[in-house]
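Working notes, beginning with the structure itself.
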Amino acid sequence: MSSKIKNKYSIWVFLWIKFVHDILYYRKTYVRRASNIPHSEKSPCIIVSNHQNSLNDAIAIIMSMKRHKIWFLARADVFYNKTAKRLLNILGVLPVFRQRDGFANLKNNFQTFDIAEKYLLNGCFICLFPEAKHQDRHYLGTFFLSYTRMAFDVAAATNFSKEVFILPSANHYTDYFNIQSDILINYGEPISLKPYYELYQINPRSAQEQVNKIVHQKVDELMLNIQDTENYNAIYQLLNNVGNDYAIFQHVKADNLPQKLKIDQKIVHQLEYVKNTQTDLFHNICQTSEQYTSLLNQYHLTDKCVAKPYSILKMIGMIMGLLATMCIFIVGFIHYVIPYFIPKIASRKVKDPLLKPSFALALHAIATIPIFYLLYIIIVSLIFHSWWITLVYVLLLPFCGIVAWWWLQYVKTFIKMAKARYVKDFKPAIWEKLQGTRLTLKKLLGQVMGSTF
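Just so we're aligned: the sequence shown equals residues 474 to 926 in my numbering.
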């Protein structure tokens, strides 16, 4: 861990946030191509990332770093909330004002950029989200050029003697809103600005636009980018339904986020090609995907229920497993039900849906979980007067909480599987329609991908 992190805030605070982030909040955290992160503190580096999930994006990037202190530039309005402001200050976030924040505040950006450039020259990383807003879907928006201007300003401050890098990055989520989902932080190869120094001194705008085009393309390659907004839902549901079958056909685990991302990117790219070359096939697959999703929603089922419904014997085994772990569920539920709902209640007035998971993670990390853990430790210590019982109790708390969450998810899965069994056994016409629509969708995807699976 870099000493710079220690100077900014306690190593224990960092480790605590990492524990909440990597263990309690997310099920799996993947960091890919971390070797692309420059290790030399002599070369200024700006991280440029897509923006999918508000503050969670920034925390994910911080948690993926081991050597460097990162400073972020974020829109100033997120600093208006006092709780958010405290956490942002801890994490090292600097405010950037927009026109909607008032023209009088725009001059404050000069000070922010000056501070950021000094940090870069001193070996820190600066991370920006040049879309200037977080997206509510898996797509990449237009990049503003402010990050390229900052990068070239840093180079100019050294008389172009230092090599400045831009590091493309992308965050990818299985679920924006629920805990115990998966997250992927994907890093590309650093892009050196040195080949553009000469052009920048002659035509700054042209140099910035050329660099921006390359960076945008590299970030695009690291993420799931569904640009077809009109057919977004149909395409996204296709990926989450029969797209899993194609992943298995390609010998890829559908629950492995980095591997599934590659398959999804492949499908999306091929759909874009088919849209321009085989219009009828494209519209047919989108229409069938929407029809299949509508059927699933109508009967409150999931694709997994239709693709591979559980046998009666397996469902009995599931009931036995739920009963066997019910005690752990009760313990976890009692300890976490209040900490879980406090952020949800506190964020009821938050209008932006993607700010709610950030609000939840922030409160879990800096308030609710620490306070309740401390309360539980005090109570157990007073009851048992034993340090080792208290220690075992504390170590088991996260385990019980995670088990409680997944216990509830398995209950939901059991209910949906029970519905699937009911439809299959007592409403064969509906079941045949579900199976037939799914098979048609699968064949259409096979046509798109040029293979039968």
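For each residue, glycine too, the CB sits at the ideal point set by N, CA and C.
*Proximity below 8 Å, CB of residue 820 to CB of residue 528*: no
*asked:* residue 853 and residue 802 - do their beta-carbons sit closer together than 8 Å?
replied: no
*What does DSSP give as the partner residues of residue 518 in its beta bridges?*
598, 638
*Looking only at DSSP bridge pairs, what is residue 659 linked to?*
505, 643
_Tell me the DSSP secondary structure of residue 823 in three-state form._
coil
*Using a threshold of 8 Å, state whether the C-beta atoms of residue 842 and residue 497 are closer than that.*
yes
*Where does residue 441 land, buried or exposed, given buried means 16+ other C-beta within 10 angstroms?*
No answer is possible for residue 441: it lies beyond the span of the chain, which begins at 474 and ends at 926.
*By Cβ distance below 7 Å, which residues in the same chain neighbour residue 904 in space, the five residues on each side in sequence not counted?*
896, 897
*If you compare alpha carbons, which of 828, 924, 868, 893 is closest to residue 524?*
828
*asked:* Excluding the 5 residues flanking residue 711 on each side, which residues of the same chain have their C-beta closer than 6 Å to its C-beta?
replied: 762
*Report the residue ranges of all alpha helix (DSSP H) runs contained in full by the segment 804–888; include only those spanning at least 4 residues, in chain order.*
828–836, 842–857
_Could you check whether residue 744 and residue 920 sit closer than 8 Å to each other, using their CB atoms as the reference points?_
no
*Quick one: grab the DSSP three-state call for residue 603.*
coil
*asked:* Quick check on the burial criterion: 16 or more other C-beta atoms within 10 angstroms. Buried or exposed for residue 544?
replied: buried
*Does the ligand GDP have a heavy atom nearer than 7 Å to the CB of residue 505?*
The ligand GDP is absent from the structure shown, which contains no ligand whatsoever.
*Would you mind stating whether residue 522 and residue 685 have Cβ atoms separated by less than 8 Å?*
no
_Straight-line gap, residue 612 to residue 697 (C-alpha atoms, nearest Å)_ = 7 Å
*Starting from residue 902, follow the alpha helix (DSSP H) in both directions and report where the run begins and ends.*
901–922
_Contact belief for residue 637 with residue 511 at Cβ below 8 Å, rounded distance in angstroms_ = Contact doesn't hold; Cβ gap of about 10 Å is too wide.
_residue 808 versus 789, 816, 771, 846, residue with shortest Cα-Cα distance_ = 846
*asked:* Let me make sure I understand the geometry here. Which of 625, 485, 676, 653 has the alpha-carbon closest to that of residue 872?
replied: 653
_Run of the beta strand (DSSP E) containing residue 546, from where it starts to where it stops_ = 543–548
*asked:* On the CB-based measure, 16 or more other CB atoms within 10 Å of its CB, does residue 767 come out buried or exposed?
replied: exposed
*Using DSSP bridges, identify the partner residues of residue 499.*
654
*Keeping to the same chain, check which residues put their C-beta closer than 6 Å to that of residue 607; ignore five residues upstream and five downstream.*
524, 527, 827
_Inter-residue Cα distance where the pair is residue 662 and residue 640_ = 7 Å
*What are the boundary residues of the alpha helix (DSSP H) that residue 677 is part of?*
677–694
*Can you give the Cα-Cα distance for residue 504 and residue 731, rounded to whole angstroms?*
9 Å
_Applying the 10 Å Cβ sphere with the 16-neighbour rule, what's the burial state of residue 474?_
Model confidence at residue 474 stands at a pLDDT of 42, short of 50, so the residue's coordinates are unreliable; what they give is reported in the following sentence. Burial call: exposed.
*Tell whether a beta-carbon distance below 8 Å holds between residue 836 and residue 851.*
no
*asked:* Just to confirm the assignment, what range does the beta strand (DSSP E) spanning residue 493 have?
replied: Segment: none, residue 493 is in no beta strand (DSSP E) and carries neither H nor E.
*Following the continuous alpha helix (DSSP H) through residue 741, name the residue where it begins and the one where it ends.*
730–750
_Distance CB(residue 695)-CB(residue 729) smaller than 8 Å_ = no
_Taking the straight line between their C-alpha atoms, what separation do you get for residue 907 and residue 706?_
19 Å
*DSSP state of residue 725 mapped onto helix, strand, coil*: coil
*asked:* Buried or exposed, going by whether 16 or more other CB atoms sit within 10 Å of the CB of residue 603?
replied: buried
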